[in-house]
Amino acid sequence: MLPRDLKAESFASYPPEARRIAIDHLETLRRLPLSFVPSLLRELIDYDYKFPVERSTIEKEISALKSLKDAEVHEWFTEFAAISLSSSLTTFSWVDLPAQFVEQEAAYLWSTHQLDSFRKAAKDYGDRLERLKEPEPNDLRRLGIAVVGRDVSTYDGLLFKNLRKHGTYFTSVSPQNGLKSLLAAVEKRAEADQARYAHWYVDGGSPVAHSDRITSVAYDALAPVRNSLLKRMQAEISRPGMGPEELRTVLARLNPADVGMEGNMDPVLSRFQLKLFTEGSGTQIYSTTFVQWTSREILRRAQARTLLVRYAPRQRQRPLNELLAGEHGEAELDPSGSLIDAEMGAYYHWINQQRLPGSEGSGFIAWFEGHNQAVAIGPSMPRGTESNSAIDLERLVSLVLA
Amino acid sequence: MKVNHSFSHSEAACLVSRTRREFLRDAAGLVAGGAVLQASPFARGESVRKKRKVVVVTFGGGARDQETFAPEGQENIPHMLSEMAPQSSFFTHVTNKGILGHYVATASLATGVYETLNNFASVAPEHPTIFEYFRKELKRPSSDAWVVAPSNGFHRIGESEVRGFGPGQGARVILPKRLLGLASAGRDVDLEHLLHDNYETPLYTPVLAGGEVELHQMETILKLSVGDFASHARTLSSPDELSLYIAKRLMREEAPSLLWITMHDIDVAHSGAFSLYIDGIRRTDRLCAELWKTIQTEPEYAGNTTMFVLPDFGRDSDFDAGGNGFQHHRTGDAASRTTWMMVLGAGARQGVVYDTPVQSIDLVPSIGAMMGFSPSQSSGKLIRELV
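One line per chain: the protein sequences are R and L, in this order. Each residue of the first sequence is one higher than the one before, starting from 0 at the first, in numbering that gives the first Met the number 0. Each residue of the second sequence is one higher than the one before, starting from 0 at the first, in numbering that gives the first Met the number 0.
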């Protein structure tokens with residue numbers, strides 16, 4: 000089937016809101032090339048479970064496409080239309096399974112050396128959309144906080160080496176009540192700006208007490224989900240004919256209830272948490288990877304205005320097959336290796352934050368938990384400098400947003 | 000700072016290459032290749048070619064500049080930087096334009112053609128391999144071409160199914176982890192840390208048949224009893240250490256003229272743990288230096304062997320929003336496609352840096368020219384600086 004053949008019935012399997020939008024924009028979808036449409040549907044099919052920012056983005060994108068005249072559609076999509084697809088892709092059930100289509104399309108583009116052309120087409124399309132965007136005023140400047148190194152008593156390496164050149168490195172930070180004061184800062188922001196899914200706290204272990212206004216995800220709390228998922232994965236791969244692509248298809252179809260997530264949970268948050276494990280690599284076995292990937296996804300998807308992440312020691316390296324099988328009971332931890340993981344995770348946290356609107360005014364802090372070292376980045380913070388002035392974390396938060 | 004990545008692919012690749020060259024010049028005191036381009040050091044008589052041996056090591060599975068040759072990464076490669084680079088011809092700009100999966104990329108390196116096979120399928124390369132060209136044209140026995148490969152998924156890397164080449168005419172492939180799995184079956188030894196198959200799809204290990212034959216080969220070819228093998232393996236810490244151990248036994252017992260070793264410890268990066276990725280780079284750096292020392296001390300290899308070290312590809316840049324930095328090699332950006340190559344030993348000019356762009360598929364025709372065979376179906380070009 001090609002996009003021009005789309006009918007209202009084509010979207011019968013979609014959740015209600017997603018179906019409504021698709022049917023309302025049938026004419027728009029029919030005008031677009033097959034190499035592109037499934038990418039759009041991949042986002043749309045999950046509309047009912049998306050964060051508010053994502054919903055708004057989808058609505059604006061489809062509205063922008065709807066407003067295009069025929070000549071503009073031709074101009075916008077010439078590069079996509081030039082991508083050749085295999086017959087198996089054109090006959091694939093891409094309306095019902097857009098994510099799987101996109102994955103197979105990617106493999107086909109690799110194998111036919113069309114990936115660079117596709118990347119260029121996608122980038123040009125993104126640039127066009129970007130030009131149509133109108134800035135959304137928001138008085139609350141974005142704040143990112145990464146707390147690293149829990150349970151590490153000493154570290155001789157060069158800490159925060161990637162971040163230092165972008166801000167000020169403090170060597171006399173008071174660690175007293177550090178985490179508490181950082182969480183208080185997040186709570187204060189959540190109190191002042193009560194938008195849903197705007198203020199987050201992620202913990203690589205068990206979370207400390209915090210306000211209900213903060214959206215929270217914690218690695219330890221999701222242990223039953225991880226274990227259930229790993230058991231399901233093990234069962235699936237032992238089936239004849241199961242391969243990596245088939246497994247991903249199975250995982251993509253899972254619902255929160257399939258892995259024991261309770262039905263009274265927030266459906267948006269439970270889907271988000273499930274995807275952290277089904278789409279992330281290594282999130283199922285290493286808490287440091289889980290925190291890094293979660294921070295990336297919170298910023299990419301929810302565009303959090305405040306994001307506090309706290310890394311915890313991950314389990315020591317063992318054979319992946321063994322880790323995935325969840326064998327050997329109580330895991331031995333690797334605090335110093337986890338600090339190195341977390342330091343890189345903090346750098347990626349800052350990079351992902353800088354990809355969002357308003358990056359010029361955003362603030363970021365990375366702190367070595369329980370110690371005196373922190374790096375602070377913000378519009379008024381000197382770059383590439385070091386300060387040995389005594390300071391506490393509350394003051395640091397106010398400085399990066401000054 | 001607003002993060003952007005507006006460089007074109009070619010601009011970014013050139014920048015990566017140029018900075019790598021400058022790092023090397025500063026760190027290892029190497030000179031630019033253009034200044035010393037003279038008659039080929041490989042222009043030797045036929046008698047020398049007969050003794051010529053080539054060892055190829057893929058520095059796997061992919062490492063980036065900032066963790067290796069850039070100033071902030073040099074602490075991770077002390078051996079390559081201080082011991083090997085000064086003795087090598089170093090190519091700063093090697094591009095892989097193919098599919099960035101480890102099996103398919105290694106197959107492309109070995110055929111000199113960008114292969115399009117399914118990276119996760121148990122299939123042979125679609126074009127003749129370097130091993131088939133080598134054995135057919137030079138009339139070499141099967142014992143003269145070997146591959147030491149990391150996972151069961153590589154068991155068909157040694158030969159294609161192409162008419163006129165194909166089964167029985169390629170390299171013998173040894174899978175150390177598979178051997179260890181067979182050797183340790185039923186024994187009370189904890190060798191799990193050496194046995195996991197791969198990091199791209201850790202849940203899948205293709206099932207192979209013929210274990211008894213392989214164990215027999217181990218005893219007859221490597222002169223290694225099953226018990227001694229399992230016992231020694233317990234002293235090793237990683238699959239690549241196991242591969243090196245087997246490669247050294249092969250060099251001692253079989254002395255193949257064409258030996259291909261595929262490392263893959265670095266690919267633990269797929270788990271997202273940066274510290275484990277760095278550990279993998281440091282280990283691979285050490286193992287490459289150990290192999291180079293072995294080449295220089297083994298009588299069959301010393302003085303007549305050329306060693307190639309190159310990654311099969313890089314890893315994603317921190318600044319490509321489509322990826323997740325070091326973790327994967329999925330974006331196809333310049334950082335994931337642009338790598339380097341180090342050539343040491345017989346015929347290689349020492350301490351020279353070349354920034355001429357070459358492709359990873361150029362390896363096969365260049366080795367062919369050195370050893371005296373013609374890879375007729377390769378689409379790569381001769382690297383003039385080598386031949």
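Heads up, the beta-carbon is just placed ideally off N, CA and C, and yes, glycines get one too. If you're wondering where the values come from, they're calculated on a predicted model, not measured in any experiment.
Where L:L258 is concerned, the enclosing beta strand (DSSP E) starts and stops at L257 to T261.
Against chain R, the beta carbon of L:F273 has neighbours under 7 angstroms at I339, D340 and M343, listed in chain order. Positions of the alpha helix (DSSP H) runs, each at least 4 residues long and wholly inside the stretch 63-117 of chain R, are given as 69-80, 86-89 and 97-110 in order along the chain. Annotated three-state conformation of R:R309 is strand, per DSSP. Neighbours of L:E71 in chain R, taken as residues whose beta carbon is under 7 angstroms from its own, are K160 in chain order.
Straight-line measurement puts the Cα of R:T288 at about 11 angstroms from the Cα of R:R295. The CB of R:I144 never comes closer than 8 angstroms to any CB in chain L; the least such distance is about 18 angstroms. Less than 8 angstroms separates the beta-carbon of R:P2 from that of R:V36. Contact of R:T288 with chain L by beta-carbon distance below 7 angstroms involves S270, G271 and A272.
By the CB criterion at 8 angstroms, R:I20 and R:L43 fall inside the cutoff. With 16 or more other Cβ atoms inside 10 Å of its own Cβ, R:R188 counts as buried. Against chain L, the CB of R:L114 has a partner CB under 8 angstroms away; the residue lies at that interface. Excluding five sequence positions before and after R:R382, the CB atoms of its chain that fall closer than 7 angstroms to its own CB belong to K164, H165 and G166, given in chain order. Short of 8 angstroms from the beta carbon of L:G331, and not among the five residues preceding or following it, lie these beta carbons of its own chain, in chain order: L99. For R:G362, the enclosing beta strand (DSSP E) stretches over residues G362 to F367. If you check the CB distance, R:V396 and R:I376 do not come in under 8 angstroms. For the 8 angstroms CB-CB criterion, R:Y48 and R:P266 form a contact.
The Cβ atoms of L:V146 and L:H126 lie no closer than 8 angstroms to each other. Distance between R:E102 and R:R247, taken at the CA atoms: about 10 angstroms.
With its beta carbon at least 8 angstroms from every one in chain R, L:G367 lies outside the interface. Contact between the stretch 231-245 of chain L and the stretch 266-286 of chain L is present, with at least three C-beta pairs closer than 8 angstroms.
Taking every protein chain shown into account, the CB of R:P255 has 16 or more other CB atoms within 10 angstroms, so this residue is buried. Chain order gives the chain R residues near L:G331 as W109, L114, D115 and R118, where near means a beta carbon separation below 8 angstroms. An exposed status is given to R:T384, since fewer than 16 other beta-carbon atoms sit within 10 Å of its beta-carbon. A residue is called buried when at least 16 other Cβ atoms come within 10 angstroms of its Cβ; L:S237 meets this threshold and is buried. The secondary-structure analysis by DSSP pairs R:E385 across a beta bridge with R:Y168. No Cβ of chain R is located within less than 8 angstroms of the beta carbon of L:N75. A direct Cα-Cα distance of roughly 7 angstroms separates L:T338 from L:T91. Between the alpha carbons of L:G350 and L:M341 lies a distance of about 10 angstroms. Taken through DSSP and simplified to helix, strand or coil, L:H328 comes out as coil. For the stretch 124-150 of chain R, the set of residues with a beta-carbon nearer than 8 angstroms to any beta-carbon of chain L is empty.
Contacts with chain L at 8 angstroms (Cβ-Cβ) include R:I350.
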